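Report on the structure given below.
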Amino acid sequence: MNPTALADLRARIPGCELAAYVDFVSETVLGADGDLRYPQEHLDALCRCAAVLFAQAAGCADPDAGQVVFLGETGARVFLRAPGASNEALCCICGPGTDFAGALHGVRQLMAGAAG
12 MNPTALADLR ARIPGCELAA YVDFVSETVL GADGDLRYPQ EHLDALCRCA AVLFAQAAGC
72 ADPDAGQVVF LGETGARVFL RAPGASNEAL CCICGPGTDF AGALHGVRQL MAGAAG
């Protein structure tokens, strides 16, 4: 996924502070776009988090759901598995009150187009 596609994805989600495209099996950050320049250690930690969450999701009733979300007081961390790429995912850090669910359909369409 190129930098323009990542910026477009992030623009579709008001309140999205960071969008990173990662290979969570090799724990490699393939690209990132954010309001601020995040240090590599932060991106690496986000990638490891995606790896752990998708590994745990594999043990759930629907391991192919393709998304993992966790919410906290400071916002949401959203992980979407890329279509057609079982080990790649979009990771978004969103501020509190971000309507990620409202943007999810458009984000999935844009991801499918960027992956194709």
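Counting in our numbering, the sequence shown runs from 12 upward without gaps. We put the CB at the ideal spot given by N, CA and C, even for glycine. Computed from a predicted structure; not experimentally measured.
Which residues bound the beta strand (DSSP E) around residue i?
i     : result
Phe65 : Unbroken run through Phe65 is the alpha helix (DSSP H), Gln51 to Ala68; no beta strand (DSSP E).
Ala28 : According to the sequence provided, residue 28 is Glu. The question's Ala does not apply to it. Glu28 -> beta strand (DSSP E) spans Cys27 to Asp34.
Glu38 : Careful: Glu38 lies outside any beta strand (DSSP E) and carries neither H nor E.
Ala93 : Here Ala93 belongs to no beta strand (DSSP E), and DSSP marks it neither H nor E.
Considering residue i, what are the terminal residues of the alpha helix (DSSP H) in which it resides?
i     : result
Leu47 : It is not in any alpha helix (DSSP H) - Leu47 carries neither H nor E in the DSSP assignment.
Glu21 : According to the sequence as given, residue 21 is Arg; it is not Glu. Run containing Arg21: Pro14 to Ala22, per the alpha helix (DSSP H) assignment.
Which residues does DSSP list as the beta-bridge partners of residue i?
i      : result
Leu82  : Ala87
Leu101 : Tyr32 and Leu91
What is the C-beta distance between residue i and residue j, in whole angstroms, given that I count them as a contact (C-beta under 8 Å)?
i      : j     : result
Glu84  : Ala93 : Glu84 to Ala93, Cβ: 29 Å. No contact.
Ala16  : Phe35 : Contact doesn't hold; Cβ gap of about 18 Å is too wide.
Leu152 : Leu20 : The structure shown has nothing for residue 152, since the chain only spans 12 to 127.
Gly77  : Leu91 : 6 Å
Legend entry - Cβ contact (3+ pairs, closer than 8 Å) linking the segment 20-37 and the segment 107-116: In short, these stretches touch, since the Cβ pair count reaches three.
Legend entry - Given 8 Å, three or more beta-carbon pairs between the segment 46-53 and the segment 115-122: no
Legend entry - Segment contact, 8 Å Cβ cut-off, at least three pairs: the segment 48-66 with the segment 29-36: yes
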